[in-house]
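Remarks on the structure that follows.
Residue numbers (our numbering): 190 to 352.
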């Protein structure tokens, strides 16, 4: 029988490597807006990576997504829900993807944060398709990657109009 609200993750879950990563090294334990806290976790990673070459950033982002796919799948099984609300590494990776794709200035970084959170929360088509029909760790990561690409498209359109 599937529970409507899965049990909350605790500090004890962080002893499992998959949960440690999937819970955003503790960001997902936030009592309020864990997904937003997980997305905010992308900012220090971004600041660390922003001077890297596009090839290096893409490589690291790909590795983080692959690790996240495995970790999020395992953590969701441990926590007892397909896409547990405290599993936030997918938000971190999705947000990082958007940050790496926008112009380098605080207004664009703020816009990237807002756009990604809106697409991730509202889940318009095709984000909703990935969220509803896919399963496992790939599904957990996929809906956030699609939300990231939608955010990038929107922000590039805005940038095209505003210069």
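All C-beta atoms, glycine included, are put in the ideal place defined by N, C-alpha and C. Quick caveat: nothing in here was measured; it's all calculated off a predicted structure.
Does the beta-carbon distance from residue i to residue j come in below 9 Å?
i	j	result
residue 268	residue 304	no
residue 226	residue 216	yes
residue 347	residue 286	no
residue 218	residue 199	yes
residue 195	residue 274	yes
Taking the C-alpha atoms as reference points, what is the distance between residue i and residue j?
i	j	result
residue 190	residue 265	With a pLDDT of only 43 at residue 190, under 50, the local geometry of the prediction cannot be trusted, and the value read off the model is given with reservation. If I take the Cα positions, the gap works out to 16 Å.
residue 236	residue 321	33 Å
residue 253	residue 308	21 Å
residue 205	residue 283	23 Å
residue 306	residue 228	8 Å
residue 326	residue 299	28 Å
residue 255	residue 209	15 Å
residue 329	residue 294	29 Å
residue 246	residue 297	18 Å
residue 276	residue 201	15 Å
I need the boundaries of the alpha helix (DSSP H) containing residue i, first residue and last residue.
i	result
residue 348	325-351
residue 246	243-268
residue 317	316-322
residue 234	231-238
residue 213	First-last for residue 213: undefined, no H or E at that position.
Report yes if the C-beta of residue i is less than 8 Å from at least one heavy atom of the ligand ATP; otherwise report no.
i	result
residue 294	In the structure shown, the ligand ATP is absent, as is every other ligand, since no ligand is present at all.
I think residue i touches residue j, with their Cβ atoms under 8 Å apart; what is that distance to the nearest whole Å?
i	j	result
residue 335	residue 311	Not quite, the Cβ-Cβ distance comes to about 12 Å (not below 8 Å), so this is no contact.
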